[in-house]
Structures are given as structure tokens and as C-alpha cells.
Amino acid sequence: MLSLVQQQAIHQLLQRNRRQKNGNQYTTPSPDSYPYQWLWDSCFHAIILTHLEPAAAEAELSSLITKQWDNGMIPHILYWESNLDVMRINWGIQETSSHTQPPLIAYAAWRVYQTSKNRDWLEQLYPHLLRFHHYLINRQQPGRSLLGIINPDESGEDNSPRFDEALNLPSQHDVAVHREKRVALFDVHRECRFDAVGCTATSFWVEDVPFNVFMILNTEALEHIATELNDRPIAKQLAVNRHQIATAMREHMFDGTVYRSLYGAKEQKVTTVDSWSHFAPLLTGQYTKAEAKRIVETHYLSPGFSTPFRLPTVSSTDPTYNPAEPAWGQPWQHPDWRGSIWMASNWCVYHGLKRNGFTDLANELKQQSKKLITQSGFRENYHPETGIGQGAQEFTWGGLIIDMN
437 MLSLVQQQAI HQLLQRNRRQ KNGNQYTTPS PDSYPYQWLW DSCFHAIILT HLEPAAAEAE
497 LSSLITKQWD NGMIPHILYW ESNLDVMRIN WGIQETSSHT QPPLIAYAAW RVYQTSKNRD
557 WLEQLYPHLL RFHHYLINRQ QPGRSLLGII NPDESGEDNS PRFDEALNLP SQHDVAVHRE
617 KRVALFDVHR ECRFDAVGCT ATSFWVEDVP FNVFMILNTE ALEHIATELN DRPIAKQLAV
677 NRHQIATAMR EHMFDGTVYR SLYGAKEQKV TTVDSWSHFA PLLTGQYTKA EAKRIVETHY
737 LSPGFSTPFR LPTVSSTDPT YNPAEPAWGQ PWQHPDWRGS IWMASNWCVY HGLKRNGFTD
797 LANELKQQSK KLITQSGFRE NYHPETGIGQ GAQEFTWGGL IIDMN
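Position in the sequence shown counted from 1, then plus 436, gives you this note's numbering.
This is the structure:
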């Protein structure tokens with residue numbers, strides 16, 4: 437349990453980052469480095485605000501759906517401010533990006549509703565959540581039940597080494613080159629007229645473990661919402677969708693020890709990086725009890741993931757490990773997922789460990805997360821060997837420690 441002072445610090449941070457525009461309310465992840473609204477960031481904000489200010493949590497998610505595309509996609513960036521230079525990309529469309537991010541909005545909505553009990557709000561949100569779900573379910577290659585992403589940015593982990601092989605990059609490379617390749621894929625998607633599966637996928641397609649885990653988590657929450665709103669036929673179909681994804685993950689991604697992401701639209705290849713994504717399926721109970729025990733013993737407690745501060749997003753023994761912040765540019769130009777610690781992944785692993793009965797390890801991770809914030813403040817990410825904060829200042833994800841309970 438956080439102290440009142442710690443809770444107030446989190447609340448004040450989110451209030452400082454809060455913005456109003458055209459009757460909508462949202463929270464910037466960082467006012468200087470990320471001055472817009474981001475999809476999965478807002479889902480995290482809603483989860484945090486559920487503990488502090490449920491009405492603001494509702495407003496956060498309501499603003500996301502105002503710019504939902506006709507095809508159901510919720511874009512990963514909403515440009516409420518048009519006079520800023522950060523992340524100005526030629527997406528081929530005004531006011532939003534042309535890509536999405538991990539689906540957590542139904543999960544966040546269900547968490548908010550469990551506190552607020554605002555049925556009218558939930559009913560207003562529900563059709564938008566369904567449309568987003570249907571959009572994502574159609575983000576599959578024919579004959580497969582795994583969701584694919586068409587740009588590393590859609591994972592929320594922009595330069596994670598899980599995508600190096602799909603981008604044809606060596607394990608160590610200039611982060612600027614990685615960014616250039618991702619921006620080039622934005623151009624491809626625009627030229628493909630936003631046809632993700634039929635066109636853009638020929639240039640980049642990754643069936644990513646965390647993205648599919650989040651889809652399972654999100655779909656389960658959407659089932660709860662459908663049941664709560666007496667839409668039982670839809671709830672049954674959602675259960676089928678969830679089971680299909682979990683089954684496909686087991687069949688195609690599980691190597692007998694861990695789940696691994698796949699890349700390639702026509703011929704899938706297995707990624708080789710040892711990253712935090714191995715632990716993501718703990719969140720949705722996709723490891724058996726024996727498998728969970730084994731992965732904790734052989735991976736979570738391994739030297740590579742046992743850095744002085746935890747949890748590195750990439751094992752320190754992996755050849756791609758490079759957690760140091762680049763000296764050039766702005767944080768948004770090089771978000772570092774190559775070993776640095778992020779509170780979103782810590783939050784996921786905390787809940788995964790707790791779900792599988794590893795309560796002591798979960799509590800240790802929570803204490804490590806609190807220590808990082810106490811030592812280095814609310815930063816975008818942290819160096820796993822020194823605990824030094826890196827990237828954006830006044831970054832909101834540290835508030836997720838309020839949900840590690």
C-alpha cells in the first residue's frame with residue numbers, strides 16, 4: 437500500500453499533465469516530450485486514476501473514442517494540439533496517426549466501471565470497444581488466429597530488439613537507423629491506403645507475444661462488459677475469439693519453455709531475443725503451473741534478468757542488450773526498450789507473478805519499482821544497472837505502482 441504522500445504525488449503528476457480540448461479531457465504522458473494523447477498511455481492513466489479520481493478516468497477513455505476511425509481502429513496518437521513539432525509525421529490523415537497500439541481500453545474501462553458503477557458511461561463506450569475489437573480480430577493473416585502489427589511502434593515498444601530481425605537489423609546498431617526504418621514503414625502504410633493485412637504486411641508483419649496477450653486480457657474484459665450489459669450472444673462470441681487466440685499462441689509461439697514472437701506475413705520465423713515478453717503470458721494464465729515455475733526459475737531469476745534494478749526489458753546476457761540512453765535528440769526520437777526498465781512492463785510482470793502464486797517475487801518487483809521512483813523521480817525509463825532515470829521527465833507511467841497491490 438502506498439502512503440498518502442506517494443498517492444498525492446502520483447495524483448498531482450497526472451493533474452499537471454492534464455489537458456482540456458474541445459470539451460475533451462486527456463493526460464499527456466510527458467508535457468514536453470509527449471504533448472499529445474496516446475492510446476495505451478491513456479489506458480494506463482485510466483487504471484491509475486481509478487484509484488484516485490474515477491470521473492477523470494472515465495473522461496480519459498471517452499476522449500480516446502472521439503477520433504476512432506470508421507473501420508474501428510483507435511489510433512495510437514491523437515493530435516489535440518496542432519501547433520507543436522513533436523512527432524509530426526505525414527500519416528496521410530489529419531488529427532491522428534494511422535497506426536494503433538496494444539489493446540487495453542476495454543480492460544481499463546472494466547476496471548474503471550468496477551469502481552465508478554457508471555452504467556450510462558459504460559453503455560456509451562461499449563459500441564466503440566466492440567468496433568475496435570472487430571478491427572483487431574480482422575488483423576490476422578488468413579488461416580491464423582494471431583494478431584499482427586505492421587510497425588514496431590504498434591507494440592508500444594518502438595525500438596525493442598524483438599523487431600530487429602523483421603527490420604533486417606543486426607543486434608547492435610545506431611538507434612537512428614532503427615527510427616529511419618520505422619518512419620519508412622509509416623510511408624508504406626500511407627501508400628498502401630491503410631490496408632494493413634493485404635499490403636503493409638508485405639513490408640513488415642510481426643505476431644508479437646505481448647500484443648496478443650493484451651488482446652486476450654482486453655477481450656476477457658470486454659466479455660465482462662457485454663455480460664454486464666446483457667449482451668450475452670456477443671459475450672459468447674468474445675469467449676470464442678479469446679480461446680482462438682490463446683490456442684494459436686500455444687500452437688505457434690510456445691517453444692516448450694517460453695512464448696516467442698513471430699515475424700513474416702507468409703512464412704513465419706521465430707524471434708530469438710530474450711526479453712520481458714517471455715513473462716507476458718503469465719498475465720493471462722497461459723503457462724501451466726509447472727511451466728510458470730520453470731520460467732521463473734530459468735529466466736526470471738537468471739543472471740540476465742537479475743540486474744541490480746529490475747526488471748530489464750531485455751536480458752543483460754542477450755547480444756542486443758543496450759540500456760544506455762543515446763546522447764542525441766529528444767526522448768521521443770529514441771525511446772529505449774533495449775534493456776532499460778519501463779513501469780508498464782513491470783506492472784504487467786507484477787500482476788503475472790501474482791496471478792501465478794509468486795507473491796514474494798511480485799512484492800519484490802513492486803518495491804524495486806517504488807525505489808526507482810523515489811531515487812530518480814517519474815521518468816520515462818530507468819537504467820537497470822544504476823537506477824538512473826532516462827528519457828522524458830514528468831512521465832506518468834510511474835503512477836502504475838498505485839495499481840501494484
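We put the beta carbon where it would ideally sit given N, CA and C, even for glycine. Note that the structure is a prediction, hence the values are computed from the model and not measured.
Q | Residue span of the alpha helix (DSSP H) that contains N654, given as start and end | A | V645 to E664
Q. What are the complete alpha helix (DSSP H) segments, minimum 4 residues, inside the stretch 750-815?
A. 779-791 and 795-812
Q. Any contact of the stretch 515-532 with the stretch 574-593, i.e. 3+ C-beta pairs under 8 Å?
A. no
Q: Pull up the distance between the alpha-carbon of A716 and that of N666, whole angstroms please.
A: Distance between the alpha carbons of A716 and N666: 31 Å.
**Q.** Residue interval of the beta strand (DSSP E) (run including R455)
**A.** R454 to K457
Q. What's the gap between the Cα of Q560 and the Cα of I661?
A. The alpha-carbon atoms of Q560 and I661 are separated by roughly 12 Å.
Q. To which residues does DSSP link Y562 through a beta bridge?
A. In the DSSP output, where bridge partners are listed per residue, Y562 has none listed.
Q: Sort out for me which residues DSSP pairs W474 with in a bridge.
A: I513
Q.
Cutting at 7 Å between CB atoms, please list the residues of its own chain near S499, excluding the five before and the five after it.
A. N460, Q461, Y462 and Q473
Q.
Any contact between the stretch 706-724 and the stretch 753-763? By contact I mean 3 or more CB pairs, one from each, below 8 Å.
A. yes
Q: Indicate whether L698 and E643 have their beta-carbon atoms separated by less than 7 Å.
A: yes
Q | Proximity winner among I777, L674 and S639, relative to E602 (alpha-carbon distances) | A | It is Ala, not Glu, that sits at residue 602 in the sequence shown. For A602, the nearest C-alpha among the options comes from S639.
Q: Determine the direct distance from the alpha carbon of H481 to that of L450, and round the result to whole angstroms.
A: 8 Å
Q | Spatial distance of K672 from E659 (CA atoms) | A | Near 8 Å, if we compare the C-alpha coordinates of E659 and K672.
Q: With a threshold of 16 other CB atoms inside 10 Å of the CB of L737, please say whether the residue is buried or exposed.
A: exposed
Q: Using three-state DSSP, classify Y818 as helix, strand or coil.
A: strand
Q. Which residues in the same chain as K457 place their Cβ atom closer than 7 Å to its Cβ, once the five residues preceding and following it in sequence are excluded?
A. W516
Q.
Assuming Q608 is part of the beta strand (DSSP E), what are its boundary residues?
A. Run containing Q608: none; DSSP gives neither H nor E here.
Q | Rounded straight-line distance, which links the Cα of E761 to that of D839 | A | 27 Å
(Q) I'd like the span of the alpha helix (DSSP H) that includes Q461, first residue to last. (A) Segment N460 to T463 is the beta strand (DSSP E) holding Q461; no alpha helix (DSSP H) there.
Q: Round the Cβ separation of P539 and M685 to the nearest angstrom and send it over; I've been treating them as touching at under 8 Å.
A: So it is not a contact: roughly 15 Å between Cβ atoms.
Q | Close beta carbons around G825, own chain, < 7 Å, minus the five adjacent residues each side | A | S812, G813, R815 and Y818
Q.
Which of the three DSSP states is assigned to S875 in this structure?
A. Within the shown structure, residues of the chain are numbered from 437 to 841, placing residue 875 beyond reach of any answer.
**Q.** Residues near R618 by beta carbon distance below 7 Å, same chain, minus five either side
**A.** So the list reads N587, P588, D589 and D594, once near-sequence residues are dropped.
Q) From S552 to E727, what distance separates their C-alpha atoms? A) 37 Å
Q) Can you tell me the Cα-Cα spacing of P467 and H688, whole angstroms? A) The alpha-carbon separation between P467 and H688 amounts to approximately 41 Å.
Q. Touch check for the stretch 524-544 and the stretch 496-510: three-plus C-beta pairs under 8 Å?
A. yes
(Q) If distances are taken between C-alpha atoms only, which option among L719, G834 and L789 comes closest to E733? (A) L789
Q. Is the beta carbon of T720 sitting closer than 7 Å to the one on V649?
A. yes
Q | Where the alpha helix (DSSP H) through Q680 begins and ends | A | R668 to H688
Q. Can you round the beta-carbon distance between I777 and P744 to whole angstroms, since I take them to be within the 8 Å contact cut?
A. Distance from I777 to P744 at the Cβ level is roughly 11 Å; contact not present, criterion being Cβ atoms closer than 8 Å.
Q: Please go through the same chain and pick out, in chain order, the residues whose beta-carbon is closer than 8 Å to the beta-carbon of R626, but skip the five residues on each side of it.
A: N526, W527, G528 and S534
Q: Give a yes or no on whether the C-beta atoms belonging to R774 and N758 are separated by under 7 Å.
A: yes
Q: Taking T822 as the reference, give the member of D691, L440, V611 and I809 with the closest Cα.
A: I809
Q. Helix or strand or just coil, what does DSSP make of T636?
A. Under the three-state reduction of DSSP output, T636 falls in the helix class.
(Q) Less than 7 Å between CB atoms is the rule here; does G813 satisfy it with respect to chain B? (A) Among the protein chains of the structure shown there is no chain B, as only one such chain exists.
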